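Sequential numbering from 1370 applies to the sequence shown in this note's numbering.
Glycine residues also receive a C-beta, built at the ideal position from the N, C-alpha and C atoms.
Owing to the predicted nature of the structure, the values given are computational and were not obtained by experimental measurement.
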Amino acid sequence: MQSPYNLPYVVHHGHIKEYIDFASEGNPTSLLWNPHNGKLLMWNKFRIQQHSSLRSPYITKCQVTVVQAYPRSPEKPFGACDVVRLARANTKNILDVARVKAVFSQRGSKELPPYLAPTSLLYVELFYVVSLPSDAQDGVGLYKVRRPPPPPAEGASRWFAVIPVTEVVHTLELIPVFDTRIPEVELSSATCLDAYYEYYVNSFTNKEMH
């Protein structure tokens, strides 16, 4: 999982174990699942069905989207990973933006308890907001987000996490801030989400509202 999906911290910084400890609320889990004897089932995508922005009881066709999380390949050296908005508990961020790096679920030698088994999990790279639409510094009127520092930068691991898939609200479209180009990355359509440090969040992708 770590190598093909380019996940620098999934093992050494124990993000999966951190999630399991949090979800178990103090219940013992080491005999049921741990990184050494547990198994992971991997998926390359999942589907989100959104309720209508104007009529909340209804799910509209234009609000059904697929989120991709494909591993690295010769054609896509960084993988093909989509960006989503999260609704995370106890967050202080105005906007939670994350890139889905992997989709998986745990499988143990025994049946897992309800607090570990009910949902698939995501390994995500968290962006952080650097300016708000109300900020007048560039006159764009969009959220601006910044990607975490690349490994092995100090503190970079805290911008990666394992979360349940139920924390995803909807997909997002990012627009590069062109003067923040990363020179080491060869620019192409397959690397555009890895070739810049900062991005604008496109708020005009809701087909009902615009």
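Spatial distance of residue i from residue j (CA atoms)
{"i": "Val1534", "j": "Ala1471", "result": "11 Å"}
{"i": "Gly1508", "j": "Pro1545", "result": "16 Å"}
{"i": "Ala1392", "j": "Ser1526", "result": "20 Å"}
{"i": "Leu1455", "j": "Lys1408", "result": "26 Å"}
{"i": "Tyr1568", "j": "Val1436", "result": "19 Å"}
{"i": "Asp1451", "j": "Ile1532", "result": "15 Å"}
{"i": "Arg1516", "j": "Arg1468", "result": "9 Å"}
{"i": "Thr1488", "j": "Glu1387", "result": "16 Å"}
{"i": "Pro1440", "j": "Leu1491", "result": "14 Å"}
{"i": "Tyr1512", "j": "Val1493", "result": "20 Å"}
{"i": "His1579", "j": "Leu1541", "result": "Confidence at His1579 is low in this model, with a pLDDT of 43, below 50, so the placement of that residue should be treated as unreliable; the coordinate-derived value is given next. About 15 Å."}
{"i": "His1539", "j": "Pro1552", "result": "31 Å"}
{"i": "Gln1418", "j": "Phe1473", "result": "19 Å"}
{"i": "Ala1530", "j": "His1384", "result": "6 Å"}
Span of the beta strand (DSSP E), counted from its first residue to its last, around residue i
{"i": "Glu1494", "result": "1490 to 1500"}
{"i": "Trp1412", "result": "1408 to 1412"}
{"i": "Tyr1342", "result": "For the chain, the structure presents residues 1370 to 1579; residue 1342 sits outside this window and is missing."}
{"i": "Phe1529", "result": "1529 to 1533"}
Local conformation of residue i per DSSP, three classes
{"i": "Tyr1439", "result": "strand"}
{"i": "Ile1551", "result": "coil"}
{"i": "Thr1434", "result": "strand"}
{"i": "Arg1516", "result": "coil"}
{"i": "Ala1540", "result": "Note on residue identity: the sequence assigns Thr, not Ala, to residue 1540. It is a strand residue."}
{"i": "Asp1504", "result": "coil"}
{"i": "Ala1392", "result": "helix"}
{"i": "Glu1444", "result": "coil"}
{"i": "Val1469", "result": "strand"}
{"i": "Val1452", "result": "strand"}
{"i": "Ser1526", "result": "helix"}
Minimum C-alpha distance to residue i - residue among the options
{"i": "Pro1502", "options": "Ser1474, Val1453, Ser1572, Ile1389", "result": "Ser1572"}
{"i": "Met1411", "options": "Glu1387, Ala1438, Gln1418", "result": "Ala1438"}
{"i": "Thr1560", "options": "Ile1389, Gln1418, Ala1449, Tyr1497", "result": "Ala1449"}
{"i": "Asp1548", "options": "Leu1464, Ser1489, Ala1564, Phe1415", "result": "Ala1564"}
{"i": "Val1570", "options": "Val1538, Glu1394, Leu1543, Glu1444", "result": "Leu1543"}
{"i": "Asp1465", "options": "Tyr1497, Thr1434, Glu1555", "result": "Tyr1497"}
{"i": "Thr1434", "options": "Ser1442, Lys1414, His1384", "result": "Lys1414"}
{"i": "Val1499", "options": "Tyr1566, His1539, Glu1394", "result": "Tyr1566"}
Test: residue i CB closer than 9 Å to a CB of chain E
{"i": "Ser1572", "result": "Reference to chain E is not applicable here, since this structure consists of a single protein chain."}
Check: residue i C-beta below 8 Å from any heavy atom of the ligand FAD
{"i": "His1539", "result": "As for the ligand FAD, it is missing from this structure, which has no ligand bound."}
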